[in-house]
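These notes concern the structure reproduced below.
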Amino acid sequence: MKKVILSCFIFVLSAFGWANNSVNSTMQRTRIPFSVHGVNPGGAGNTIPKAPRLIPKISQDGHTLYIETAHPGYALFLRNLDGMVVFYGFVPNSQNTIELPGDLSGEYEIELQCASYSLIGEIEL
28 MKKVILSCFI
38 FVLSAFGWAN
48 NSVNSTMQRT
58 RIPFSVHGVN
68 PGGAGNTIPK
78 APRLIPKISQ
88 DGHTLYIETA
98 HPGYALFLRN
108 LDGMVVFYGF
118 VPNSQNTIEL
128 PGDLSGEYEI
138 ELQCASYSLI
148 GEIEL
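As structure tokens, then:
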């Protein structure tokens with residue numbers, strides 16, 4: 028009986044240590060605030076949705092972006108301060124991390140486009 032209790036105690040302590048380490052690793056990341064902008068859907072049958080868009084939780088650690096919530100998949104555009112696109116790509120709904128090119132540095136506008144809306148935020152690399 029003592030072995031079972033000791034095993035359970037060790038399991039609980041190790042689980043607590045693992046959870047504490049994962050919290051510390053996410054605390055070092057910077058959350059990216061996004062604003063939602065409508066994209067012209069085109070066509071007479073399309074209407075403006077009545078429910079607000081769910082903004083995904085995306086954080087940054089260096090040149091890596093972490094998508095912490097489920098998402099539908101996005102076209103990603105990274106623009107410099109002059110408005111030129113310096114990086115673009117597609118983020119499928121199964122992907123939770125995005126690695127940006129390491130040679131980029133400075134302030135950029137990040138845009139994630141979905142079918143009927145886009146999310147726009149600012150990041151610093």
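Numbering (my numbering), first residue to last: 28 to 152.
For each residue, glycine too, the CB sits at the ideal point set by N, CA and C.
Chain-order list of residues whose beta-carbon lies under 6 Å from that of residue i (same chain, five-residue window excluded)
i	result
Ser132	Leu152
Arg80	Val63 and Tyr144
Val112	Phe104 and Arg106
Chain-order list of residues whose beta-carbon lies under 7 Å from that of residue i (same chain, five-residue window excluded)
i	result
Pro154	No answer is possible for residue 154: the residues shown for the chain start at 28 and end at 152.
Val118	Gly100, Tyr101, Leu103 and Ile125
Thr57	Ser86 and Gln87
Thr141	Note that residue 141 corresponds to Cys in the displayed sequence, not to Thr. Once the five neighbours on either side are set aside, the close Cβ partners of Cys141 are Pro99 and Tyr101.
Leu108	Glu134
Glu136	Arg106, Ile147 and Glu149
Thr96	Pro83 and Lys84
Gln55	Asp88
Asn120	His98, Pro99 and Gly100
Exposure of residue i, with buried meaning 16 or more beta-carbon neighbours within 10 Å
i	result
Gln87	buried
CB of residue i within 7 Å of CB of residue j, strictly
i	j	result
Gly129	His90	yes
Sequence-distant residues of the same chain with beta carbon closer than 8 Å to residue i, five excluded per side
i	result
Leu127	His90, Thr91, Leu92, Leu105, Phe114 and Leu152
Ser62	Leu146, Ile147 and Gly148
Ile94	Pro83, Lys84, Ile85, Val118, Gln122, Asn123, Thr124 and Ile125
Contact with chain B by residue i, beta-carbon distance below 7 Å
i	result
Leu146	The chain inventory of the structure shown lacks chain B, comprising one protein chain alone.
Could you give the uninterrupted runs of the beta strand (DSSP E) lying entirely in the region 75 to 144, keeping only those of 3 residues or more? Within the region 75 to 144, the complete beta strand (DSSP E) runs of at least 3 residues are 85 to 88, 91 to 94, 101 to 106, 112 to 118, 124 to 126 and 134 to 140.
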